[in-house]
Amino acid sequence: MNETVIAPNHVPAMRLPVTRLRDLLVADVPASRLVIACDAIGGIGSRPDDPYPADPVWCAHLGARVPLLEVLCAGARPLILVDTLCQDHASAQPMIAEFQRCATAAGIDPDAVTGSTEDNVATTQTGIGVTVIGVMPDGELPKAQDSDAVVCVGAPISAPDDDVAPGRDEIVDVAEVRALMASGKVHDCVPVGSHGVAWEAEQLAATAGLRVESQHTDVDLTHSGGPSTCLVLACAPGDVEELHELVAPQRPWEVIGCLSSVV
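Using UniProt numbering, read the sequence shown as starting at 1 and increasing by one per residue.
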């Protein structure tokens, strides 16, 4: 008989009622704790005074993926995405559509995406802010376990050293992270930022009072992961291959070490 696996800190996937009251989103959240993450992008885009030219839709994607992955990796269910854009509503439409696409990939209802644009003052530079609000049940936070395998999913790349372009195999997909966390087999997980893979792995271990025993790897453990192009997860060694099947076959996937008790 197949058993139903309930992910740690799992919030049921039923639709949580979200209604609009003028400019407000009102969510009926069951007894739970809120998980909130945010990110900002400035001066990167296609506007006249942007010092770093980039596709605005891709900028929106990167701005959304960082807080979405932070909330997902915490074991929470993303509920609401809020975008704040420093440009007029008409020019921001392609970016808003990308926010909605990213939110849907993370399991957020399209009606639970809201935001604001600057329609009173003409602006010439890109400014993006994104906040993601999620929920998780009361109780223990995710925590790695002694003897867990430590896996790097995706690979750390970051501008300007790397071309962080859409479709690169190194960039883990939001929907893949959602699937990994919903499996119930990931004990803890962190998206990799500017500090690099090794630093994030140490943070994951320290949260559980453990240490990382590294093994030989081709992953650049100190290179910036930029906009969370990859993540580090901890799971039982016997679950590594099953979890690997939840991501695209071309996605980098490598065990970089294991966890052990601090001596």
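Even glycine gets a Cβ: it sits at the ideal position worked out from N, Cα and C.
T126 is a Cβ neighbour of P56, given a cutoff of 8 angstroms.
With a 10 Å radius around the Cβ and a threshold of 16 neighbouring Cβ atoms, H89 comes out exposed. For H61, the secondary structure class from DSSP, reduced to helix, strand or coil, is helix.
Remark: fewer than three beta-carbon pairs, one from each stretch, lie closer than 8 angstroms, so the region 81 to 98 and the region 195 to 204 are not flagged as touching. Between T229 and P156, the C-beta spacing is below 8 angstroms. Membership of R101 in the alpha helix (DSSP H) is indicated by the continuous run H89 to A105. Inter-segment contact for the region 71 to 82 and the region 131 to 145 is present: three or more beta-carbon pairs are separated by less than 8 angstroms. Residue nearest to A236 within the set G196, L246, V150 and T207 is V150 (criterion: CA-CA distance). With distances taken between CA atoms, A103 lies nearest to L62 out of M136, T117 and L62. It is roughly 44 angstroms from the alpha-carbon of P137 to the alpha-carbon of A122.
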